[in-house]
Every structure is written in C-alpha cells, then in structure tokens.
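Colleague: The structure's right below; bear with me while I get my questions together.
Residue numbers (the working numbering): 47 to 218.
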C-alpha cells in the first residue's frame, strides 16, 4: 500500500510502516516527527503499544529534538522528563518481543505507570513542569533511538481534552 506524502514527509531514517504499526530501526535513527509539538501544561496520559527485544539503555520512546523532555527507557524502566524535572519508575518492563500496552499518566503530583491496562506503579512527582513532545521513537540524543515497534500512540491532555492527539501509525 502507498503512504500519503503528508505522512511520509514526517518519517525519517529507516521507519517501516506496516499494517498496524511503525517498526523503528535504531541503527538508522528512524523516528516519526510530529507535525507540531504536543505541549502538556497540566495533567496528561500517554499511551501506546510497544514491542522490543533490545536490551539497550536509554531508548527514547517519545522525545523532543530541542530538550530532554519525554519518555526514555532507562535502567529497565521508564524515565519521565519535563523541563528540569526527572522522575524514574522502578518497575521493570518486559522486553520480550510481545506487543504490549504502556501508559504513563500524570494527575497533579501523581505519576502512574500502566502495563497492559494494569497500574503497576505510582510515584510522586514533586513538580508539574511542562512537557513538550515532538517525535516518536527518538529524543534529544539520536544515539538513543528506539529499536522495535511503537503503535497506536495517544497523547491525551487531561486538563484540556480538545488538545489531545492520536497517532495510529498505519499505512493508508
């Protein structure tokens, strides 16, 4: 199937659009660049499907080309960064090649990590700093590109729901 030129112009590197997912090649620094940055100034929920066998540290799941904001895979779990604030979950996420659902939700000072629809950890975030996301599968440092599959990305602004975004990442 053909990929529309409007979608294709935002794909870089070795990204492969499959029927229901985008397969990201970290060697080629493949990632999906959002048409406009998504800014979370309040509560949010980020949800996506992922699959990886990579054991690399520092993989960027969602990121920003100009800052360290986003979600990174660090020490076998998820690190959330927003402006100068950093929070680290301790729950070890599976890297078994199965397609799994990952979600991170911020409500006030609570950050919650969900795996396959089940809350697995809640931590206190001492700040409600603004988070800006402008790419999927890469972050500020291109050496940390995600290796595997990311699909069905939902960026939900819980403070202003009309600002929410959904990236199906399918071929057309």
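For glycine and all other residues, C-beta sits at the position ideal for the given N, C-alpha and C.
Every value quoted in this text rests on a predicted model; they were computed, and no experiment measured them.
Please state the DSSP three-state secondary structure of residue 95.
Modeller: strand
Colleague: Starting from the C-beta of residue 138, find all residues in its chain whose C-beta is less than 7 Å away, skip the five residues before and the five after it, and write them out in chain order.
Modeller: 122 and 123
Colleague: Should the stretch 142-149 be regarded as contacting the stretch 171-185, the criterion being three or more beta carbon pairs within less than 8 Å?
Modeller: no
Colleague: For residue 83, report the span of its beta strand (DSSP E) as first-last.
Modeller: 77-86
Colleague: Could you check if residue 115 is buried or exposed, using at least 16 other CB atoms within 10 Å of its CB as the buried criterion?
Modeller: buried
Colleague: Would you list the one or two residues that DSSP bridges to residue 134?
Modeller: 125
Colleague: Would residue 110 be called buried (16 or more neighbouring beta carbons within 10 Å of its own) or exposed?
Modeller: Answer is buried; the Cβ neighbour count reaches 16.
Colleague: Give the secondary structure of residue 172 by DSSP, where H, G and I count as helix, E and B as strand, and everything else as coil.
Modeller: coil
Colleague: Going straight from the alpha carbon of residue 197 to that of residue 141, what length do you get?
Modeller: Each residue's Cα considered, the two are about 16 Å apart.
Colleague: For residue 210, which residues in the same chain have their Cβ closer than 6 Å to its Cβ, ignoring the five residues on either side in sequence?
Modeller: Contacts found: 202 and 203.
Colleague: Cutting at 8 Å between CB atoms, please list the residues of its own chain near residue 83, excluding the five before and the five after it.
Modeller: 110, 178, 179 and 180
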